[in-house]
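Heads up: the sequence lines are chains X and F, in that order. So the first sequence is numbered by my numbering: it starts at 374 and just counts up by one. So the second sequence is numbered by my numbering: it starts at 69 and just counts up by one. To start, the structure itself, in structure tokens.
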Amino acid sequence: MPAEFWYGVEVMLNGLMAGVMYSLVALGFVLIFKASGIFNYAQGVMALFAAQTLVGIQTGLVPFSHLINAMLGTKIHHFGWNVPTFLAILLTIGVMVLFAIIVEKLVLKHLVNQEPIILFMATIGLAYFLEGFGDLMWGSEIKKLDIGIPQGGNVWVEESTAFLGGEDFYGFYLDTLDIYATVIAIALVASLVLFSQYTKTGRALRAVADDHQAALSVGISLRTIWVIVWSIAGFVALVAGVMWGAKSGVQFSLSLIALKALPVLMLGGFTSIPGAIIGGLIIGVGEKMFEFLIGAPFLGGATENWFAYMLALVFLIFRPQGLFGEKIIERV
Amino acid sequence: MIYREVGDFKTTYRADGQTFPIRFDRIRYYVVLAIAFGVVPFLINDYWLNAILLPFLIYSIAAIGLNILTGYCGQVSLGTGGFMAVGAYSCYKLMTGFPDLNIFFCVMLSGLITALVGILFGLPSLRIKGFYLAVATLAAQFFLVWMFNKVSWFYNYSASGQINAPERTILGQPITGAETSAPVTYLFCLSILVLLAIIARNLTRGHLGRSWMAIRDMDIAAEIIGVNPLKAKLTAFGISSFYIGIAGALLFSVYLGAVEVGEVFGIQKSFLVLFMVIIGGLGSIFGSFAGAAFMVLLPVLLKNVLVGTLGWPTDIATHMEFVIVGALIIVFLILEPHGLAQLWRIIKEKLRLWPFPH
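Spelled out as structure tokens, the structure:
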């Protein structure tokens, strides 16, 4: 086998792992969309906020220190302690749950029965709010997130695959962090599926997703379900935020992963969890392969910005409800 | 008492079909026009023009454009930034390619080019609906911005990748470039806005506008009663993009003068214009103006208060601005989901009975 072929395979493997990351973000969208019919644009910013909060708690930053300093003229920044990673993660989950409760109380409750576009706009407002709030709370500088996952190329994979190619092939270059992320994402998805299949709350979630009215009439509290769903979405956002944040630092661009997840959703269908995963894999592999085979050599690179959207667009023309979406039935 | 339909008798069909059938509306319209054309140009200076008036005028055009598509025809679009970029770059290519062409025609032609691009990206709307379409229009956004970044023909192979507006004049008065004077650019943008707003108002009252609204309310039912969805959707995309393209061309040539595509026409711009339309009111020309005014004034006001009065550092003020804008949008949607235009309707309803409410 020529080395180019194996490099192609390497690109594909990297694409698969990127795809898992996309699925992770897309999952948060699907959960909320299924349970409340809300297309939550703030998912990406939630990931950013969760990562910021984790770093902030971990390194003992004082919340709102910049704001307090600006208003009172003091100079405080750190509490002077470091919180253990595990405890910090638990605290961050607590913050995300609190956030879910506040969102439900202050926003969603008042917007029941509004048109989807209005709800969508409200989540964009929420995204703006949370973005500014996170920066005010923890400062906007790029932060390093370290939760003990090793980074850099994985030597073991590289050495054990080097025999595949010829002289000028040195084995697959895979980032250890990506491998961890893949494993964690798979575990997360599996536990979510188990949760929704085999627990009472999970069954309630699925009931709400099926039919709001019917779920209400058998005594499921919509508002509790919404808090739970937003909390789970917050948790998924935390995982996504940690993975992406560990990779490239906790910074504004982290919130743009939401935009990466949108074509995944279109491809997989807004209402399907398996769709989000398979869509993510297709997009991840597709955009990496396109960049490798066509984008970089012929189009000047950086095609990853739009390829996923174009793929989804072309795909939707043939199947408007996405890969696994429920069939759209329209009646007059 | 002041605002009423009664006693305003129409004796001809012409009078009955005029743009503003109610006398109060008509008078208000002429008064606003008179102030805008006759008074404001003598009062403005560069600060007012650049901070408030020009962005307001230009974004109003964009908001009317998006309102035609989203408010009247019901097709949510997130590609506004990309279409504005098409307008800006066509304007640049026309200005540099045909130096003798009047800037007014440059702007109008860029609108036409954008309309063609808009129709092209509107084609999927015949198959894709709702949120799927909204996300699909993001394809236009990202693809167009990427294209203007990568293909150097669009920015005439300049090393910086920026486009700069050369100086162009109308009747000897510079409109673009460094030597412009505030009243001239103001009047130029205002005239285009008024022209486009009148056209939009009449389009939406006419046959085309009614077919758009039928499609918006329920496309299948509209199809059954004989509205051609192909024609209605594509004209909405085309006309909307025409407006948005003109706004992009003006933003680049008259207002900013120099543009880097990713910075100016990114996804944020799409959301900004969408905010204007939603806060102003979907399906209302007046709402487009109100929304544009709101979204242009709010940051200026906040900045003046936070940095000017309270003396905060600018970066913290910017974050605070995000928090406040986001919170206001949510509050607004909760209190009045139909936007500022609905408030105006309520006021009119009250005025009808004033001062003797029952």
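Heads up, the beta-carbon is just placed ideally off N, CA and C, and yes, glycines get one too.
Backbone secondary structure at His450(X) - three-state DSSP: Coil, per DSSP.
Secondary structure at Val623(X), three-state DSSP: helix, strand or coil? Three-state DSSP puts Val623(X) in a strand.
Mind checking Leu276(F): buried by the 16 CB within 10 Å criterion, or exposed? That one is buried.
Contact between the region 174-190 of chain F and the region 298-316 of chain F: three or more CB pairs below 8 Å? The answer is yes - the region 298-316 of chain F touches the region 174-190 of chain F, with three or more Cβ pairs under 8 Å.
Rounded straight-line distance, which links the Cα of Ala204(F) to that of Cys257(F): For Cys257(F) and Ala204(F), the distance between alpha carbons rounds to 32 Å.
Under 7 Å between beta-carbons, which chain F residues line up against Asp508(X)? List them in chain order, please. Result: His387.
Pick from Ala420(X), Asn486(X), Thr572(X) and Thr555(X): whose alpha carbon is nearest that of Gly614(X)? When only C-alpha atoms are compared, the closest one is Ala420(X).
Whole-Å CB distance - Ala681(X) paired with Pro647(X), under 8 Å assumed: At roughly 19 Å, the Cβ-Cβ gap does not stay under 8 Å, so Ala681(X) and Pro647(X) are not in contact.
Are three or more beta carbon pairs between the region 116-124 of chain F and the region 137-148 of chain F nearer than 8 Å? In the pairwise beta carbon analysis, the region 116-124 of chain F is classified as not touching the region 137-148 of chain F: fewer than three pairs are separated by under 8 Å.
C-alpha distance - Met363(F) paired with Gln570(X), whole-angstrom precision: Going from the Cα of Met363(F) to the Cα of Gln570(X) covers about 46 Å.
Would you mind sorting Asn387(X) into buried or exposed? The rule is 16 or more other CB atoms within 10 Å of its CB. With 16 or more neighbouring CB atoms inside 10 Å of its own CB, Asn387(X) falls in the buried class.
Within 8 Å of any Cβ in chain F, is that where the Cβ of Pro693(X) sits? Yes, contact with chain F.
When Ile411(X), Leu460(X), Met444(X) and Val418(X) are compared against Leu378(F), the one with the closest alpha-carbon: Minimum Cα-Cα distance from Leu378(F) among the listed residues Ile411(X), Leu460(X), Met444(X) and Val418(X) corresponds to Met444(X).
I need the straight-line Cα distance from Arg596(X) to Leu177(F), nearest angstrom please. Distance between the alpha carbons of Arg596(X) and Leu177(F) is about 53 Å.
Say whether the region 344-362 of chain F touches the region 131-139 of chain F, bearing in mind that this needs 3 or more beta-carbon pairs closer than 8 Å, one atom from each stretch. Touching, yes.
Excluding five sequence neighbours on each side, which residues of the same chain lie with their C-beta closer than 8 Å to the C-beta of Val612(X)? Setting aside the 5 residues that flank it on each side, Val612(X) is surrounded in the same chain by Leu397, Ile557, Ala558 and Leu561, each with a C-beta closer than 8 Å to its C-beta; the list follows chain order.
Listed by chain order, chain X residues near Leu318(F) by CB distance under 8 Å: Under the 8 Å cutoff, chain X gives no residues; its nearest Cβ is about 25 Å from Leu318(F).
Straight-line Cα distance separating Ala461(X) from Trp454(X): If you draw a straight line from the Cα of Trp454(X) to the Cα of Ala461(X), it comes to about 12 Å.
Please state if the CB of Phe320(F) and the CB of Ala233(F) are separated by a distance shorter than 8 Å. Yes.
If I'm right that Leu141(F) touches Lys301(F) with Cβ under 8 Å, what's the distance once you round it to whole angstroms? One detail in the question is off: residue 141(F) reads as Cys in this sequence, not Leu. Taking 8 Å as the upper bound for CB-CB distance, Cys141(F) and Lys301(F) are in contact here, some 7 Å apart.
So with Cβ pairs under 8 Å, would you call Glu703(X) a contact of chain F? Yes, its Cβ sits closer than 8 Å to a Cβ of chain F.
Which of the three DSSP states is assigned to Thr272(F) in this structure? Looking at Thr272(F) - three-state DSSP - the assignment turns out to be helix.
Check each candidate in Leu627(X), Leu547(X) and Gly507(X) and name the one with the smallest Cα separation from Val382(X). Of the candidates Leu627(X), Leu547(X) and Gly507(X), the one whose C-alpha sits nearest the C-alpha of Val382(X) is Leu547(X).
In or out: Val476(X) buried (at least 16 other Cβ within 10 Å) or exposed? It is buried - the Cβ of Val476(X) has at least 16 other Cβ atoms within 10 Å.
Does the region 496-509 of chain X touch the region 391-398 of chain F, meaning 3 or more C-beta pairs lie closer than 8 Å? Pairwise C-beta distances place the region 391-398 of chain F in contact with the region 496-509 of chain X, as three or more of them are shorter than 8 Å.
Can you confirm whether Ala130(F), when its beta carbon is compared against all beta carbons of chain X, has any partner nearer than 8 Å? Ala130(F) is outside the set of residues whose beta carbon lies under 8 Å from a beta carbon in chain X.
Can you tell me which of the three DSSP states Val615(X) falls into? Look at Val615(X) here: in three-state DSSP terms it is helix.
Please compile the residues from chain F whose C-beta is within a distance smaller than 8 Å of the C-beta of Gly513(X). Correcting the residue identity first, residue 513(X) is Ser in this sequence and not Gly. In chain order: Asp383 and His387.
DSSP state of Asn113(F) mapped onto helix, strand, coil: Asn113(F) falls in the coil class under three-state DSSP.
Please tell me whether Ile490(X) and Thr465(X) are closer than 8 Å, where the distance is taken between their beta carbons. Not in contact: Ile490(X) and Thr465(X) (Cβ atoms no closer than 8 Å).
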